[in-house]
Structure formats: structure tokens, C-alpha cells
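J.: So the protein sequences, as listed, match chains A and B.
Going by this note's numbering, the first sequence opens with residue 45, and the numbers climb by one from there.
Going by this note's numbering, the second sequence opens with residue 137, and the numbers climb by one from there.
From the three backbone atoms N, C-alpha and C, an ideal C-beta is built for every residue, glycine too.
First, the structure itself, so that you have it in front of you.
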Amino acid sequence: MKTKIDYKEISKLIDLLEKRNLVQFELELEDFKIKISREHKKQKVKEAPILPDSAQSDRITDKKEIIEKTEDKSEDNNLHFITSPMVGTFYRSSDPSSDPFVEIGEKIKKNQTLCIIEAMKLMNEIESNVEGTIEDILVKNGNPVEYGQKLFSIKTR
Amino acid sequence: MFKKILIANRGEIALRIIRAAKELGIKTVAVFSEADRDSLHSILADEKICIGPAKASESYLNIPNIISAALITTAEAIHPGYGFLSENPRFPEICKQEGLIFLGPSASIMRVLGDKNRARQEMKKAKLPVLPGSDGIVEDIETAEKIAKKIGFPIILKATAGGGGKGMRIVRSLSNLEAQFNVAQNESNSAFGNPSLYIEKYIENGRHIEIQVIRDFNGHVLAFGERECSIQRKHQKILEETPSTFIDEKIRKKMIKSVETATEYINYHSLGTFEFLVDSKKNFYFMEANTRVQVEHPITEMAYGIDLIKEQIRIASGKDLHFSRDLDFIGHSIECRINAEDPDSFAPSPGKIDFLVFPGGEGIRIDSAAYQGWNIPPHYDSLIAKVISHAPTRKEAINKMKTALEMTTVVGVKTNIPLHLNILSNSNFLNGLYHTQFLENLLSQKVNE
Chain A
45 MKTKIDYKEI SKLIDLLEKR NLVQFELELE DFKIKISREH KKQKVKEAPI LPDSAQSDRI
105 TDKKEIIEKT EDKSEDNNLH FITSPMVGTF YRSSDPSSDP FVEIGEKIKK NQTLCIIEAM
165 KLMNEIESNV EGTIEDILVK NGNPVEYGQK LFSIKTR
Chain B
137 MFKKILIANR GEIALRIIRA AKELGIKTVA VFSEADRDSL HSILADEKIC IGPAKASESY
197 LNIPNIISAA LITTAEAIHP GYGFLSENPR FPEICKQEGL IFLGPSASIM RVLGDKNRAR
257 QEMKKAKLPV LPGSDGIVED IETAEKIAKK IGFPIILKAT AGGGGKGMRI VRSLSNLEAQ
317 FNVAQNESNS AFGNPSLYIE KYIENGRHIE IQVIRDFNGH VLAFGERECS IQRKHQKILE
377 ETPSTFIDEK IRKKMIKSVE TATEYINYHS LGTFEFLVDS KKNFYFMEAN TRVQVEHPIT
437 EMAYGIDLIK EQIRIASGKD LHFSRDLDFI GHSIECRINA EDPDSFAPSP GKIDFLVFPG
497 GEGIRIDSAA YQGWNIPPHY DSLIAKVISH APTRKEAINK MKTALEMTTV VGVKTNIPLH
557 LNILSNSNFL NGLYHTQFLE NLLSQKVNE
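Set out below in C-alpha cells:
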């Protein structure tokens, strides 16, 4: 059986990929093989290698590597860290008798208060800049924190 | 004595203070910006706290973060070093509010001396000679003209908020006055947010001579023999020596006495420096007072065999000054400031130090935070080392310095060592015949050649 596929159909497939937000499509028949892949927008800036036009044959494998990297990275990308914007003391609740603002495993919204950092007797509420689930709380209640120190890890997907 | 102090600075001065504290058995806390994670001061202190991003305004000038760092580490006192927050009166004020000891003078003294015009008026009252000039801020060009005619040209326009040569203009004739007055006002306003100017008589070919003083909180005061700091480029000191070849014993005693009297008059505490302009007839005039440790303090330490930083920490804890009044020079000392910069264009040369060898040997002291493999961050000043020589005579101290600099090897970044070697072999320098225009003249000669 001879498969006939024309430019129009390929273009349709590409559109579909884009519409469904798919990264890769592969179709293999007896005498025909097509592989279409798309880069993640985020990755494009950093990792997209500049390919010489003549390197068409290498192109597919190169792309595949990128995709694999993207997948690896996107796992990391799902983990977001809340860092301390100041030097001070970390508190999980508004006062010692109250419940902590958040617990591990809790779903949180953007702008939700996660903790307090006390600096020079001022209580600074630290809010989340993402939506997700608290994966870990990285500082013990009452411990000092420095600028840029990781406080929470949050799973964003 | 303190158990723990925080050093609100970076680079060689932070290391200098860490050393002094360690010798006194005091624990140290370093603060560092994200660009200084691998800098020596944060590696060598007992504790370290990141206080912000690379930009100094968000880290080394960030008062809340520095104070918080002291509080969470239970440091009792803060040493500001030089630059950054060292002359900002808000800093000692907030330290006091938070129960921390500031290793320096009080906020109120800092306010008086930080306002150059006010400092001039205060020193007049304290019987220190000041240059002829305006009695206060000169608001308009008419008043400026009147004063200029009275004291005679050349005159110098100075920003009362000034520092680092900004808002400063020398005027040699009436026809230039108006234009220069406006330029200086604008420059001062954009640099310090304050356009206020005052006027002084300008001394041609003067010498920049300064006197180190220390006064404890129980009223004991001691001033030291002069540091000669005339070798400058754009009001930035490059090479300093003590004693000066120009100052004789009679003038020295007079300067020391005047500074001690003025220090007591304004009730100054801690380390400080009074800067003077000395004319060719050896008349000295007060220019300004620096309310902090100076970059060039090591030459006084070497020439007197003392440790000023240790003493500054000791007296801040309430102890009496333990220096003897009989202290005197033991030999001659020179400091060369080694900057990571192009020796010809003076453009900063940050980057990685691939290879580094400092000289050693008797009579050579290196105050530096540089190490092989270190990446000099581009965010801060270009000083990478101070090489200090000490020997029984000036000639020996010069030869020691030359040998040391010739043996210093820095690969990866450019330094101003060639410029220093040029100065050290100049016949006017060797004969001690130089003034504040020396370096500009030397550099223009080089261009002409």
C-alpha cells in the first residue's frame, strides 16, 4: 500500500499540534514516517540551538533532545520556590497560639499569606506569587532567614 | 568586651575588621550581597548572612536588612568600615534604637561634620584655621562675586553635601564665575540632591595632609603625626605616606594639638580624620573631617606600631584608650592602592583573577580580599589590594615598595601597578617635592611624550 500525503495534510497536522498544545507527533507506516515536533516557548530563548540549514537530516534528532530536556526541566518548572525578600525571623503563624498559615500538602492560591518574617520588630506577611500545592516547608518556625533563602517549595501543577 | 560584632562592609576593610575582632576574641558576622557569595569576607567570618542582591542600594546600603542580620545573629555592635553606610547618620541612629552599638561617632556629630559648610563653621569656633571664604551657603551669583572680590581669585566652589570631588569647581577669574557657579550647583544637586555651595580661597599647589585622631568615651584623646595624601587623581587618593617630607616637627606638633583641641570641642568619639590643605608657607587650613576609618589607616599603624581598629573596638566597649602619649614614629610607611583598572585609561577592569602572587617579606603588609580564581564583581569599587611598606627611612620604604610591586603578579585583570612604579621612580617624588597636582602633571607629561 502506498501512502499518499500532501503538503496540505502536513500543514493540517501542524495546526492540530498547535491547537492541542502538543509537543510532538509521530506517525510510522510501512513505507512512510513523519515526525513533527514543536518547541516549548519557554525553552526557546535558552536552549534552542542554532541549526545550520544544511543540517536537515540531523534536525529531527536534535529536536528530540530538546524535547527530552524540556520534559526534564518542566518537572523542575513545576516546583516553585518562595524565597525570603529580606533578612529576619521566620514564623509560620501570625502569633504563637494561632495555627500555621499553611501546612504541607495544602492547596494555596496566588497572593495567599504563607508566613511572616519579622525584621526590626515589623511583621512582614509573605504571600505566594503562584498557585499550587505546598510540597515542603524548608525553614523551622522561629529560625533566622537571610535574603534569598528558600522558604517553601510549591508544586504548581 | 563584645562577644560578637557584625561588619557592614565588604572587601579588604571587612577582612581587616574581621582580623582585629578575631585577635580580640570576638566572633564575627559578615553580611554579603548575592554577588559576594564567594568573597573572602563571607568565607572567613564566623557567620554570614546574605542581605540582598548585587546592587549596593539593595544590599550594603540596606539598613533594615543589615540591622535584622545583627539582631538574628545576636551581634552586639556593628562596624561600618568605610564607604557604604559609614557616614550616613541614619545608620547609627537606627542602631541605637535597636540597642546595637555603632562602632563610630554619634549620629549628631556625623550630621554636623557631614555638612561641609557647617563643619567649617564649627571648626572656626574650635579655633582650627580655615581658608578665607564665605560665612555660610552662597545662595546667588551676586553674593558669590562679592566674596570672590574680597578674598581674591583663584577660588573654589564646594558643595556642602560634597564628597569625591563632585560639585567642586576651581574658578580663576570673574568672567568664569557665573558659568562655573551654575555648573557646580547643578552637579551638586544631581549628585547629592542639594545644590548648596560655599566658597573658599583656592590654594595652588597645596598639599593634602591629614591627621588621625582617636578619642574614647571617657574623654581621653590622642592625635597622630600626619599622613601625606597629595598623590591623587580626581580627588581620589592613590598613594599615601607618613611622615610627610614637608611637615617639620614644629608644624606637626601644632597640627596634632589643634586636632586634639577641636576633637574635644565638638565632643567627638571613636576614630576620625581631619583633612587639611597646607600651602607652600606651611600654613594649614581645615578642609573636612571624616567620621570613619580611612582606607590609608595602615600607614599610621605601621609607622607607630599600633592597631587602630582593635583600639576603636576596645574603646566602643567602654574601655579607656590604652595608647601612650609618648608614641612616636618608628620609621617611614607608604601605601599603594592597587586598583583593578587600566593603568592608562583608568577604566575599571573587573573579571576573574587567573593567577595571583603577592610579595611578602619583612616590612611588607598586604591588606587585600583578592585571591586566585576570584571573580572581581563589577558592582563595587576597584580596590583589590593595599600594599604597605615600612622601613627605618623613607628611601628604604620606597625601595621596599618598588621591589614588592615588581614582584606582585596579577593575571586576568589589569591593575594600576605600572602607574605606581612610575610615581615611585619620579625624581620629584623621590625628593619629596610634590603637591595635589603632581599626578595630573605626571599623567599629562606622559601624554605629551
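1. I need the DSSP call for F125(A), collapsed to helix, strand or coil.
2. With a threshold of 8 Å on Cβ separation, who are the neighbours of I187(B) within its own chain once the five nearest residues in sequence on each side are excluded?
3. Checking contacts by CB at 9 Å: is G298(B) closer than that to chain A?
4. Tell me, please, which residues DSSP counts as bridged to H356(B).
5. Ignore the nearest five residues each way along the sequence and tell me which others in L182(A)'s own chain have a CB closer than 7 Å to its CB.
6. Can you give me the C-alpha to C-alpha distance between D352(B) and F145(A), rounded to a whole angstrom?
7. Of all the CB atoms in chain B, is at least one closer than 9 Å to the CB of V131(A)?
8. Please classify T529(B) as buried or exposed, where buried requires at least 16 other C-beta atoms within 10 Å of its C-beta.
9. Return the chain-ordered list of same chain residues with a C-beta closer than 8 Å to the C-beta of L310(B), the five sequence neighbours on each side being excluded.
10. Relative to the alpha-carbon of A483(B), which residue among N552(B), A425(B), A190(B) and V429(B) has its alpha-carbon at the smallest distance?
11. Return the residues of the segment 188-200 of chain A that lie within a Cβ-Cβ distance of less than 9 Å from chain B, sorted by chain order.
12. Decide if R473(B) is buried, meaning its Cβ has at least 16 other Cβ atoms within 10 Å, or exposed.
13. Between K538(B) and S561(B), is the Cβ-Cβ spacing less than 9 Å?
14. With 9 Å as the threshold, decide whether the Cβ of L207(B) is near any Cβ in chain E.
15. Given this structure, state the Cα-to-Cα distance separating E323(B) from D517(B), to the nearest angstrom.
16. Using a threshold of 9 Å, state whether the C-beta atoms of L413(B) and Q348(B) are closer than that.
17. Just to confirm, are G361(B) and D464(B) a CB contact at a threshold of 9 Å?
18. When DSSP labels each residue in this structure, what does N567(B) get in the three-state scheme?
19. Measure from the alpha carbon of F459(B) to the alpha carbon of each residue in H468(B), N475(B) and Y440(B), then state which is nearest.
20. Enumerated in chain order, which unbroken segments of the alpha helix (DSSP H) with a length of 4 residues or greater are wholly contained in the segment 410-478 of chain B?
21. So, is the C-beta of M167(A) closer than 9 Å to a C-beta in chain B?
22. Does the segment 149-159 of chain A touch the segment 143-153 of chain B, meaning 3 or more C-beta pairs lie closer than 8 Å?
23. What does E170(B) reach in chain A if we use C-beta pairs closer than 7 Å?
24. Let's test the definition: count the other Cβ atoms within 10 Å of the Cβ of R461(B) and tell me whether it reaches 16, buried, or not, exposed.
25. On the criterion of 16 or more Cβ atoms from any shown chain inside 10 Å, does I306(B) qualify as buried, or is it exposed?
26. Which residue from Q508(B), I179(B) and S380(B) puts its Cα closest to that of G568(B)?
27. Tell me the residue span of the beta strand (DSSP E) that contains L259(B).
28. Measuring only between beta-carbons, confirm whether E314(B) sits less than 9 Å from chain A.
29. I'd like the list of long-range same chain contacts for I466(B), defined as Cβ closer than 6 Å, with 5 residues on each side in sequence excluded.
30. Does the beta carbon of G188(B) sit closer than 9 Å to a beta carbon anywhere in chain A?
31. Please list the terminal residues of the continuous alpha helix (DSSP H) segment that includes I322(B).
32. Do S270(B) and Y338(B) have their CB atoms nearer than 9 Å?
33. Kindly say whether P200(B), judged by its beta-carbon, lies nearer than 9 Å to any beta-carbon of chain A.
34. Decide if T545(B) is buried, meaning its Cβ has at least 16 other Cβ atoms within 10 Å, or exposed.
35. Against I203(B), what residues of chain A qualify as contacts under a CB-to-CB distance less than 7 Å, listed in chain order?
36. Name, please, each residue of chain A whose Cβ falls closer than 9 Å to the Cβ of E234(B).
T.: Quick answer:
1. Counted from its first residue, the first sequence places residue 125(A) at position 81. Strand.
2. The sequence position of residue 187(B) within the second sequence is 51, counting from 1. Only V167, F168, S169, S195, Y196, N198, N201, I202 and A205 meet the Cβ criterion.
3. One-based indexing of the second sequence puts residue 298(B) at position 162. No, its Cβ sits nowhere closer than 9 Å to a Cβ of chain A.
4. By 1-based counting over the second sequence, the position of residue 356(B) is 220. Paired residues: none, contrary to the question.
5. In the first sequence, the residue the question calls residue 182(A) occupies position 138. Around L182(A): K194, L195, F196 and S197.
6. Here residue 352(B) corresponds to residue number 216 of the second sequence, with the count starting at 1. Here residue 145(A) corresponds to residue number 101 of the first sequence, with the count starting at 1. Going from the Cα of D352(B) to the Cα of F145(A) covers about 50 Å.
7. Start at 1 with the first residue of the first sequence, and residue 131(A) comes out as number 87. At least one chain B Cβ lies under 9 Å of V131(A).
8. Here residue 529(B) corresponds to residue number 393 of the second sequence, with the count starting at 1. Result: exposed.
9. The sequence position of residue 310(B) within the second sequence is 174, counting from 1. Excluding positions up to five away in sequence, the list reads E281, A284, K285 and F289.
10. For the purposes of this step, residue 483(B) is taken as the residue at position 347 of the second sequence. Closest by alpha carbon: N552(B).
11. P188, V189, E190, Y191, G192 and Q193
12. Here the question's residue 473(B) lines up with position 337 in the second sequence. Per the 10 Å Cβ criterion, buried.
13. Numbered from its first residue, the second sequence carries residue 538(B) at position 402. Numbered from its first residue, the second sequence carries residue 561(B) at position 425. Yes, Cβ-Cβ distance for K538(B) and S561(B) is below 9 Å.
14. Included in the structure are the protein chains A and B, with no chain E among them.
15. Locating residue 323(B) in the second sequence gives position 187, counting from the first residue. Locating residue 517(B) in the second sequence gives position 381, counting from the first residue. Using only the alpha carbons, I get a separation of about 21 Å.
16. Indexing the second sequence from 1 puts residue 413(B) at position 277. Indexing the second sequence from 1 puts residue 348(B) at position 212. No; because the gap between Cβ atoms is not below 9 Å, this pair is not in contact.
17. As a position in the second sequence, residue 361(B) is number 225, starting the count at 1. As a position in the second sequence, residue 464(B) is number 328, starting the count at 1. Contact flag set, yes.
18. Indexing the second sequence from 1 puts residue 567(B) at position 431. Coil.
19. For this step, residue 459(B) is matched to residue 323 along the second sequence. Of the candidates H468(B), N475(B) and Y440(B), the one whose C-alpha sits nearest the C-alpha of F459(B) is Y440(B).
20. Listed in chain order, the complete alpha helix (DSSP H) runs (minimum 4 residues) inside the segment 410-478 of chain B are 433-440 and 444-452.
21. Taking the first sequence and counting its residues from 1, one reaches residue 167(A) at position 123. For M167(A), the answer is no, since every Cβ of chain B falls outside 9 Å of its Cβ.
22. no
23. Here the question's residue 170(B) lines up with position 34 in the second sequence. For E170(B), the chain A residues whose C-beta falls within less than 7 Å of its own C-beta are G192, listed in chain order.
24. Position 325 of the second sequence, counting from 1, holds the residue named residue 461(B). Exposed, since its Cβ has fewer than 16 Cβ neighbours within 10 Å.
25. Position 170 of the second sequence, counting from 1, holds the residue named residue 306(B). So I306(B) counts as exposed.
26. Along the second sequence, read from residue 1 onward, the residue named residue 568(B) stands at position 432. The shortest Cα separation from G568(B) among Q508(B), I179(B) and S380(B) belongs to S380(B).
27. Along the second sequence, one-based indexing puts residue 259(B) at 123. In the sequence under discussion, the amino acid at residue 259(B) is Met, which differs from the Leu named in the question. M259(B) -> not in any beta strand (DSSP E); alpha helix (DSSP H) instead, spanning K252 to K261.
28. Position 178 of the second sequence holds residue 314(B). Under the Cβ criterion of 9 Å, E314(B) is not counted among the residues facing chain A.
29. Residue numbering aside, residue 466(B) sits at position 330 when the second sequence is read from its first letter. The answer, listed in chain order, is G441.
30. The residue labelled residue 188(B) in the question sits at position 52 within the second sequence. Judged by the 9 Å Cβ criterion, G188(B) is in contact with chain A.
31. Here residue 322(B) refers to the residue found at position 186 of the second sequence. According to the sequence as given, residue 322(B) is Asn; it is not Ile. Run containing N322(B): L310 to F328, per the alpha helix (DSSP H) assignment.
32. Within the second sequence, residue 270(B) is the residue found at index 134, counting from 1. Within the second sequence, residue 338(B) is the residue found at index 202, counting from 1. Not in contact: S270(B) and Y338(B) (Cβ atoms no closer than 9 Å).
33. Here residue 200(B) refers to the residue found at position 64 of the second sequence. Proximity of P200(B) to chain A, defined by a Cβ-Cβ separation below 9 Å, is satisfied.
34. Locating residue 545(B) in the second sequence gives position 409, counting from the first residue. T545(B) is exposed by the Cβ-count criterion.
35. Counting from one through the second sequence, the residue named residue 203(B) turns up at place 67. Simply M164.
36. Mapped onto the second sequence, residue 234(B) falls at position 98. What E234(B) touches in chain A: M164 and K165.
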